[in-house]
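Numbers 1 to 489, taken from the UniProt record's numbering, label the letters of the sequence shown in order. As structure tokens, the structure follows; a few thoughts come after it.
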Amino acid sequence: PPLPPPPTKTLPITYPFFYSLPDSTFLLPHDLSVEEVLPTLKKDGVSVFYTSRTSNTNGVDTLLDKVDGVSAEPTPESWRSEVTFSTPAVYIYTSGTTGLPKAATINHQRLWYGTGLSLASGIKAHDVIYTTMPLYHSAALMIGLHGCIVAGATLALRSKFSASQFWDDCRKYNATAIQYIGELLRYLCNTPQKPNDRDHKVKIALGNGLRGDVWREFIKRFGDIHIYEFYASTEGNIGFLNYPRKIGAVGRANYLQRKVVTYELIKYDVEKDEPVRDANGYCIKVPKGEVGLLICKITQLTPFNGYAGGKSQTEKKKLRDVFKKGDLYFNSGDLLMIDRENFVYFHDRVGDTFRWKGENVATTEVADIVGLVDFVEEVNVYGVPVPGHEGRIGMASIKMKENSEFNGKKLFQHISEYLPNYARPRFLRIQDTIEITGTFKHRKVTLMEEGFNPTVIKDALYFMDETAKTYVPMTEDIYNAISNKSLKL
């Protein structure tokens with residue numbers, strides 16, 4: 001069974017997915033320190049392997065040398081005789097909509113459904129899909145890798161995204177399709193123009209999180225590439241594909257899908273972080289053109305497999321007695337809108353999580369890390385929009401301990417050690433009191449609206465200066481540089 005992610009000292013998590021293996025098995029990248037977690041794993045009877053051919057750590061075996069010795073013959077049918085569509089195939093760690101990463105159970109049915117997005121976008125056996133996303137990303141794994149397996153296509157996998165090398169790679173490997181997240185295409189649009197920008201064979205781009213303005217700029221510069229934007233989540237039981245390719249939409253609701261999948265958009269109270277219910281206790285559907293929480297009925301055809309070893313986390317994603325007593329729906333945690341032409345638009349994520357650089361950032365996790373600094377008494381973490389950027393960037397409101405002084409260098413060193421780059425708060429706001437609700441939850445709405453503008457906010461503001469490796473006072477010059485994009489975030 002899958003294990004909890006490594007301790008925060010080993011972040012970022014490098015391998016947050018692995019295939020379902022016999023017994024208790026945990027795969028680790030060769031460069032990941034395991035000294036702290038190894039005793040716990042061994043105590044629980046877990047076999048630990050490096051994804052390498054050598055090991056200098058007692059108690060950790062090697063995997064690749066054993067893979068080298070595996071027979072090339074087909075797997076005996078007896079080994080998979082009990083495998084069904086409902087059998088777990090892969091576990092993928094995901095932050096979900098709130099909280100720490102959880103091991104989402106992906107069975108063979110879900111894996112098969114994921115490949116459908118590749119087929120629906122027109123991927124054929126002669127195609128070459130180029131992806132720079134890691135295979136622990138569900139899109140790269142299920143749509144890219146397994147989509148290629150089902151279609152008989154070829155996958156060109158780069159270990160790390162490079163905007164300067166992207167199109168050279170596409171030309172080198174004769175790529176006909178690419179995978180993206182919204183930020184990725186923006187990075188490509190921000191590179192210097194070249195005479196050969198349209199000299200490639202790419203005809204299809206499949207992904208999500210693409211802003212309308214970037215979409216227009218991308219096809220204007222790089223040619224008539226068919227962009228298929230979609231909506232889905234790793235553990236979710238509902239998805240949409242923008243097959244008409246309308247700019248800005250993530251999909252289109254259609255008659256056939258409505259016949260086999262029961263989903264709705266319902267009213268949601270963002271402040272209370274819960275669905276709005278009527279006098280009878282039932283949820284309220286929103287009309288077309290209004291934003292609502294996406295939910296999908298849990299059935300045999302659209303199951304929710306939950307999280308491995310996390311019954312309480314699984315239960316949190318379920319909504320009961322939604323429209324009648326006893327019905328059961330999956331709570332996507334996402335706010336969407338369906339217009340009068342049935343095009344689907346992504347609006348925002350509810351709860352504490354926000355997205356930056358194509359990654360989900362759990363504010364609870366960030367707050368836990370920031371709160372460990374000795375001069376911090378209380379911290380409220382939230383995301384704020386930045387002009388010209390996808391998603392929201394991290395910001396933290398901090399209440400100082402009495403008789404303590406702010407130390408920007410110490411805080412910078414601390415979060416750099418324990419948080420991945422995309423999760424580090426770029427802005428800090430020092431407050432005498434952090435406002436809470438009647439249920440003792442931090443209020444975030446006003447803070448998010450006020451953002452990080454020093455001309456609006458009278459509290460002390462700080463900016464994370466990666467060059468100086470410290471937090472420096474936020475000035476109007478810094479704010480203007482961020483706004484006009486002369487300062488890179």
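Glycine included, C-beta positions come from ideal geometry on N, C-alpha and C.
Anticipated Cβ contact below 8 Å, residue i with residue j, distance rounded
{"i": "Gly394", "j": "Val373", "result": "Between Val373 and Gly394 the Cβ distance is about 15 Å, and since that is not below 8 Å, they are no contact."}
{"i": "Thr234", "j": "Ser138", "result": "4 Å"}
{"i": "Ala153", "j": "Asp169", "result": "17 Å between Cβ atoms; not a contact."}
{"i": "Arg186", "j": "Glu390", "result": "7 Å"}
{"i": "Asn208", "j": "Glu183", "result": "In fact, because the Cβ distance is near 11 Å, the residues do not count as touching under 8 Å."}
Own chain residues within Cβ distance below 7 Å of residue i, not counting five before or after
{"i": "Phe375", "result": "Met400, Lys401, Ser404, Glu405, Phe406, Asn407"}
{"i": "Gly388", "result": "Lys485"}
{"i": "Leu145", "result": "Leu135, Leu155"}
{"i": "Phe222", "result": "Asp197, Arg198"}
{"i": "Ala120", "result": "Leu241, Tyr243"}
{"i": "Val456", "result": "Glu450"}
{"i": "Thr54", "result": "Thr62"}
{"i": "Asn453", "result": "Tyr479"}
Cβ pair residue i, residue j closer than 8 Å
{"i": "Thr115", "j": "Val150", "result": "yes"}
{"i": "Ile238", "j": "Tyr263", "result": "yes"}
{"i": "Ser118", "j": "Leu41", "result": "no"}
{"i": "Leu461", "j": "Arg426", "result": "no"}
{"i": "Ala308", "j": "Thr105", "result": "yes"}
{"i": "Ile295", "j": "Ile266", "result": "yes"}
{"i": "Ile284", "j": "Phe330", "result": "no"}
{"i": "Ile227", "j": "Ile123", "result": "no"}
{"i": "Leu419", "j": "Ile369", "result": "yes"}
Those residues which DSSP pairs with residue i across a bridge
{"i": "Ser397", "result": "Asn380, Arg429"}
{"i": "Asp61", "result": "Phe49"}
{"i": "Ile436", "result": "His442"}
{"i": "Glu315", "result": "According to DSSP, Glu315 bridges with nothing at all."}
{"i": "Gly306", "result": "According to DSSP, Gly306 bridges with nothing at all."}
Proximal residues to residue i (C-beta, below 6 Å), its chain only, five neighbours per side dropped
{"i": "Arg340", "result": "Lys288"}
{"i": "Thr132", "result": "Arg158, Phe161"}
{"i": "residue 494", "result": "Residue 494 falls outside the range modelled here, since the chain spans only 1 to 489, and no answer is possible."}
{"i": "Ile478", "result": "Phe463"}
{"i": "Val381", "result": "Thr363, Val366, Ala367, Ala396"}
{"i": "Pro2", "result": "Note on Pro2: pLDDT 40, under 50, position unreliable in the model; no value is reported."}
{"i": "Glu359", "result": "Tyr422"}
Cα-Cα separation between residue i and residue j, rounded to whole angstroms
{"i": "Phe343", "j": "Asp278", "result": "27 Å"}
{"i": "residue 490", "j": "Trp356", "result": "Because the chain here runs from 1 to 489, residue 490 falls outside it and cannot be looked at."}
{"i": "Val214", "j": "His347", "result": "17 Å"}
{"i": "Tyr113", "j": "Gly371", "result": "41 Å"}
{"i": "Met142", "j": "His108", "result": "11 Å"}
{"i": "Asn58", "j": "Ala468", "result": "40 Å"}
{"i": "Pro303", "j": "Phe412", "result": "43 Å"}
{"i": "Asp432", "j": "Thr364", "result": "21 Å"}
{"i": "Gly292", "j": "Asp334", "result": "8 Å"}
{"i": "Arg171", "j": "Ala163", "result": "14 Å"}
{"i": "Tyr180", "j": "Met474", "result": "33 Å"}
{"i": "Thr176", "j": "Ser71", "result": "33 Å"}
{"i": "Lys201", "j": "Leu210", "result": "21 Å"}
{"i": "Val472", "j": "Asp465", "result": "6 Å"}
{"i": "Lys318", "j": "Gly281", "result": "16 Å"}
{"i": "Glu315", "j": "Asp224", "result": "45 Å"}
is_contact[residue i, chain C] using C-beta, thresh 8 Å
{"i": "Arg158", "result": "Protein chains in the displayed structure number just one, and chain C is not present."}
Spatial neighbours of residue i in its chain, beta-carbon cut-off 8 Å, leaving aside the 5 residues before and after
{"i": "Leu489", "result": "Val386, His389, Ile393, Arg426, Ile482"}
{"i": "Ser52", "result": "His30, Thr62, Leu63, Leu64"}
{"i": "Val350", "result": "Thr97, Tyr268, Val270, Asp273, Leu293, Gly333, Asp334, Leu335"}
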